[in-house]
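Asker:
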Amino acid sequence: MEHLVRRRYWWFTFSILVILPGLYMLFLHPLLTTGRFAIGLRPSIDFAGGALWELRFPEIAPENLSTDRIAAAFAAGGFENAQVQLSPTQIDGKAVAAALVRTRPLSESDPNTEIDAVMKVLTTEFGNVSRERLESVGPTVSAESTRSAIIAVLGASLIILLYLTWAFRKAPHPVRYGVCAIIAMLHDVLVVLGIAAILGATIGLEVDALFLTALLTTLSFSVHDTIVVFDRIRENLLNRHPAETFDDIVNHSLVQTLPRSINAQLTTFFTLTALLLFGGDTIRNFVLMLLIGLISGTYSSIFNAAQLLVVWEHREWRNWFKRGRRDEAAPAV
Amino acid sequence: MQNRNLLSLLLIISATGLALAVNFAPNNIFLGRDVSIRLGLDLQGGIQVLLRSADPDATADEIATAARVIEQRVNALGVGETVVQQAGNNRIIVELPGVANPEQAIETLRGTGRLEFIDSQGQYLAEGTIVRTSSSPNPPQLAESDTVTDVTSLGPIYQSITDGADLDTSAVQPTFSQGGALGSRPAVSFAFRGESAQRLASFTAANVGRPMCIVLDNVVVSCPVINAALTDGSGIIEVSTEADRNRIFNQLKYGALPVPLVIETSRTVTATLGQESVAASIIAGIIGLAVVAAFMILFYRGPGVVATVALLIYTIISFAIYRLIPITLTLPGIAGFILSIGLAVDANVLIFARLREEYRRGRDIRSALELGFVESWPAIRDSSVSTLITSIVLFMFGNSFGVSLIKGFALTLGLGIVISLFTAVVVSRTFLRLLLPLFSDERAWWFGVDRRSATPTAQAAS
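Encoded structure:
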């Protein structure tokens, strides 16, 4: 079996290569294009406020529908700057023209009049129009959900860190386990956020309350996996032979947990893929983000978290800047 | 040991039997309890609205009263499974599943229900006109409009003859107007008490032959001509449709809202879209389960079959618990359940991987099995706790915001972790122990292990 620990800087490099484009899209790209500091994610109406209309046009052939025509109808109904996205769906084997439209939120005091006005213009223009979904989120609510979203992510991370330090209290240097797990967790958050930023710029993926759920689930998956690996290291450390080095123990532990990690990940991967393929549009992005988080979480627990323990054991950072090449610092036994 | 196994088996069989009895209860009634599966708004269609007081100084008491009034109106709508909840200091969440006409339902909820008669100075005001009255000079309908900057430009303030607080709700009844030029029309009868009744009597006596406008929540309902003095403070409001009558009746009957409410957030989903989602997630669930079962059996053989049975029991128990608690299933809730299938299997994978390892190290199957369970426990415990923590945080986040989507996911995921601990540890272990006599060293293949295939690494580690 390959000595996984010896190649640790390769694994770190791979992680960095995956994270960097996402980091660019998250922070640098918005700064370069707008000149202002912003996060390169597309907030959905949950966090930005606004209204989302899901419409179906049974009397119009999908190819006859254009985003401009719908946007013009919305403008005539009192909603300027509507963002229209066509989403034809299959109903009983027949393609039906449908669209998702994003507008400003409905009036708080008199929403019905506004809805009626738009529906009237749409019906005149396209014939029968059915409104499958209409969500409107006011600006106050969206500001509060953004705040509590951040609190939820930070709160969950903190509690997990505390639990982890407590769970590994009998291992030597329990804090190391907590910190390394958190770094691996941070890695997964950056991977998921980065890919969301890239997909936001390319296919218009929006960050909504469900995305947040996916992110938090990723966190717990990541720690879940890291714990299994760390647990094995802890156990092997207690039964160590005098001749074994720390590197060997970590490597054994990784090799021993690898089949389990892969199998456990495969089963979840199967269920998620089934959801992705057959689970319906509403949760497609959510499941996609879960899948990415799951893969990243499994990778980071084996190739980041455990390897970082070795780096810490040898305090390798003392050698990082002495020589030009990082790889030479690795076998510092 | 044998006795303990039989006891566990008895526990498993009774738990599964009970769960099956719940899942297949006739008419969905189990021990006098309704145990039908409850589908969330996204799966059966309906509306969710977050109402906020238009008056920033509203007290918590006023909001609580408003929530109670809305609850009564909601009950009168005759929709099942409704939710009316106070959220934070100044918000009310209302959920109405399966409502066909969301706009009208919202109007019924939100109308403050303050009935006034105003002195229109002899004018006939058009039906639907928003007016300022002396008891409510700044209605939210006008105050919210962003085109108006100058308060005086909002129009005259009409003198209120009555005060909504004096309405006798017991006298509010649906009725029909008696004849008239247009024949009989739907109407609502009402009666005022106290000072309002006296003022109404003296105003009508002095203004016979002139119009008087009936105003509900600052909107003109009608301006009938006064035919005779309303000496006892009672009368009827004529409207044009039965729907209008029901709405007005509801608003008057169940009392006035102490504060005007605005709709901050609303989510509407039609039943069609919901049914499509249900169909899609059932297919996803079945395929997910089937693929996991196939994988487990191919990879772990005998234990894989046991894990599949455990997984089926897990599914049966989960659904019984969803029905009993009850848990409202949403689309993310179903996703949470399907995801927890993966986690439930994970515990089994951990155990079986250990079992294989111990067997390869030269232990016999019995002790490999026992060690497999003992040694994988810390990892199962710690990882389950961390997932449980996440689902609790998610639940609290969803709860504080009425984001019922997240709440559903957190609930099914968290419950999944707890139930899977039972099925993975108790169910799998008991079955494997009971089946142990079948697995001899000669038939190690059944366990998916082959002593000769032991890897050098595993030997080195032992």
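Taken in order, these protein sequences are the chains called Y and P.
Following numbering that gives the first Met the number 0, the residues of the first sequence are numbered contiguously, the last one being 332.
Following numbering that gives the first Met the number 0, the residues of the second sequence are numbered contiguously, the last one being 461.
Beta carbons are placed, not taken as given, at the ideal position from N, Cα and C, and that holds for glycine.
Keep in mind that this is a model prediction, so the values were computed, not measured.
Could you list which residues in chain Y have their beta carbon closer than 7 angstroms to that of phenylalanine 408/P, in chain order?
Answerer: Within 7 angstroms Cβ-Cβ: Thr212.
Asker: Glutamine 250/P: buried (16+ other C-beta within 10 angstroms of its C-beta) or exposed?
Answerer: Buried is the call here.
Asker: Short of 9 angstroms Cβ to Cβ, which residues in the segment 69–91 of chain Y face chain P?
Answerer: Correct list: Thr88, Ile90.
Asker: Please list, in chain order, all residues of the same chain as aspartate 214/Y whose beta carbon is under 8 angstroms from its beta carbon, the five residues on each side excluded.
Answerer: According to the sequence provided, residue 214/Y is leucine. The question's aspartate does not apply to it. Cβ within range, chain order: Val152, Val188, Val191, Leu192, Met288, Gly292.
Asker: Using a Cβ distance threshold of 8 angstroms, determine whether the segment 313–330 of chain P contacts the segment 292–303 of chain P, with at least three qualifying pairs required.
Answerer: No, because fewer than three Cβ pairs between the segment 313–330 of chain P and the segment 292–303 of chain P fall closer than 8 angstroms, the two stretches do not touch.
Asker: Identify the residues that DSSP records as bridge partners of arginine 55/Y: which are they?
Answerer: Ala97/Y, Ser129/Y.
Asker: Could you check whether the Cβ of valine 147/P sits closer than 8 angstroms to any Cβ belonging to chain Y?
Answerer: Low local confidence applies: a pLDDT of 43 at valine 147/P is under 50, so the model's placement there is unreliable, with the coordinate-based value given in what follows. Not closer than 8 angstroms to any Cβ of chain Y, the Cβ of valine 147/P fails to qualify, so no.
Asker: Are at least three pairs of beta-carbons, each pair with one atom in the segment 274–282 of chain P and one in the segment 268–284 of chain Y, less than 8 angstroms apart?
Answerer: Because the criterion of three Cβ pairs below 8 angstroms is met, the segment 274–282 of chain P and the segment 268–284 of chain Y touch.
Asker: Helix, strand or coil for isoleucine 129/P per DSSP?
Answerer: If DSSP states are grouped into helix, strand and coil, isoleucine 129/P belongs with the strands.
Asker: Alpha carbon to alpha carbon, what distance is there between leucine 17/P and alanine 460/P?
Answerer: Because the pLDDT of alanine 460/P is 42, which lies under 50, any placement of that residue in the model is unreliable, and the number read from its coordinates should be weighed accordingly. The alpha-carbon atoms of alanine 460/P and leucine 17/P are separated by roughly 45 angstroms.
Asker: Candidates Gly232/P, Arg192/P, Phe318/P: which alpha carbon is nearest isoleucine 36/P's?
Answerer: Nearest of Gly232/P, Arg192/P, Phe318/P to isoleucine 36/P, Cα basis: Phe318/P.
Asker: If you measure from the beta carbon of isoleucine 59/Y to each beta carbon in chain P, is any gap under 8 angstroms?
Answerer: With 8 angstroms as the cut-off, isoleucine 59/Y does not count as an interface residue toward chain P.
Asker: Quick check: the Cα distance between isoleucine 337/P and aspartate 345/P, rounded to an integer number of angstroms?
Answerer: Approximately 13 angstroms between the Cα atoms of the pair.
Asker: Compare the beta carbon distance of valine 286/Y and phenylalanine 46/Y with 8 angstroms and say whether it is the shorter of the two.
Answerer: It is not a contact, given that the beta carbons lie outside the stated cut-off.
Asker: Output needed for threonine 64/P: all residues of its chain with C-beta closer than 6 angstroms, excluding positions within five of it in sequence on either side, in chain order.
Answerer: Cβ neighbours of threonine 64/P beyond the five flanking positions: Pro257.
Asker: Could you tell me which residues DSSP pairs with glutamate 94/P in its beta bridges?
Answerer: Glutamate 94/P is bridged to Gln47/P, Val82/P.
Asker: In three-state terms, what does DSSP make of glutamine 172/P?
Answerer: In this structure, glutamine 172/P counts as strand in the three-state DSSP scheme.
Asker: Could you tell me whether the Cβ atoms of valine 426/P and isoleucine 312/P are closer together than 8 angstroms?
Answerer: Yes, Cβ-Cβ distance for valine 426/P and isoleucine 312/P is below 8 angstroms.
Asker: Do you know whose CA, among Val68/P, Gly407/P, Asn88/P, lies nearest aspartate 56/P's CA?
Answerer: The option with the nearest alpha carbon to aspartate 56/P is Asn88/P.
Asker: Contact between the segment 380–392 of chain P and the segment 351–361 of chain P is defined here as three or more beta-carbon pairs at a separation below 8 angstroms; is this criterion met?
Answerer: Verdict: no, contact absent.
Asker: Could you name the residues of the same chain whose beta carbon sits closer than 8 angstroms to that of leucine 290/Y, not counting the 5 residues immediately before and after it, in chain order?
Answerer: Contacts found: Phe268, Leu271, Thr272, Leu275.
Asker: According to DSSP, simplified to helix, strand and coil, what is tyrosine 157/P?
Answerer: Of the three classes helix, strand and coil, the one that applies to tyrosine 157/P here is strand, per DSSP.
Asker: Distance, Cα to Cα, valine 100/Y vs leucine 108/P?
Answerer: Their Cα atoms are separated by approximately 27 angstroms.
Asker: Check the Cβ-Cβ distances between histidine 2/Y and every residue of chain P, and say whether any is below 8 angstroms.
Answerer: So, not an interface residue.
Asker: Measure the C-alpha to C-alpha separation of alanine 270/P and isoleucine 46/P and round it to an integer number of angstroms.
Answerer: Cα to Cα, alanine 270/P sits roughly 11 angstroms from isoleucine 46/P.
Asker: I'd like to know if the segment 165–180 of chain Y and the segment 75–86 of chain Y are in contact, where contact means that at least 3 CB-CB pairs between them fall below 8 angstroms.
Answerer: Because the criterion of three Cβ pairs below 8 angstroms is not met, the segment 165–180 of chain Y and the segment 75–86 of chain Y do not touch.
Asker: Out of curiosity, what's the CA-to-CA distance linking cysteine 179/Y and serine 366/P?
Answerer: Whole-angstrom Cα-Cα distance: 34 angstroms.
Asker: Using beta-carbon positions only, say whether serine 385/P and serine 219/Y come within less than 8 angstroms of one another.
Answerer: Cβ distance < 8 angstroms, so serine 385/P and serine 219/Y count as in contact.
Asker: So asparagine 206/P packs on isoleucine 235/P, CB below 8 angstroms; how close in whole Å?
Answerer: Actually they do not touch by this definition, with Cβ atoms about 18 angstroms apart.
Asker: Taking a contact to mean a Cβ-Cβ separation below 8 angstroms, would you say glycine 48/Y touches proline 138/Y in this structure?
Answerer: Taking 8 angstroms as the Cβ cut-off, glycine 48/Y and proline 138/Y qualify as a contacting pair.
Asker: According to DSSP, threonine 102/Y sits in a beta bridge with which residue or residues?
Answerer: Answer by DSSP bridge pairing, in chain order: Ala50/Y.
Asker: Anything in chain Y within Cβ reach of arginine 266/P, meaning under 7 angstroms, just list it in chain order.
Answerer: Glu134, listed in chain order.
Asker: Under a three-way DSSP split, which group does aspartate 118/P fall into?
Answerer: Reduced to three states, the DSSP call for aspartate 118/P is strand.
Asker: So within the segment 246–334 of chain P, which uninterrupted beta strand (DSSP E) runs reach at least 3 residues, ignoring any that extend past its ends?
Answerer: The segment 246–334 of chain P contains these whole beta strand (DSSP E) runs: 260–268.
Asker: Could you tell me the boundaries of the beta strand (DSSP E) in which valine 214/P lies?
Answerer: Run containing valine 214/P: 212–215, per the beta strand (DSSP E) assignment.
Asker: Just checking my contact of leucine 342/P with serine 419/P at CB under 8 angstroms: how many whole Å lie between their CB atoms?
Answerer: About 6 angstroms; that satisfies the 8 angstroms criterion.
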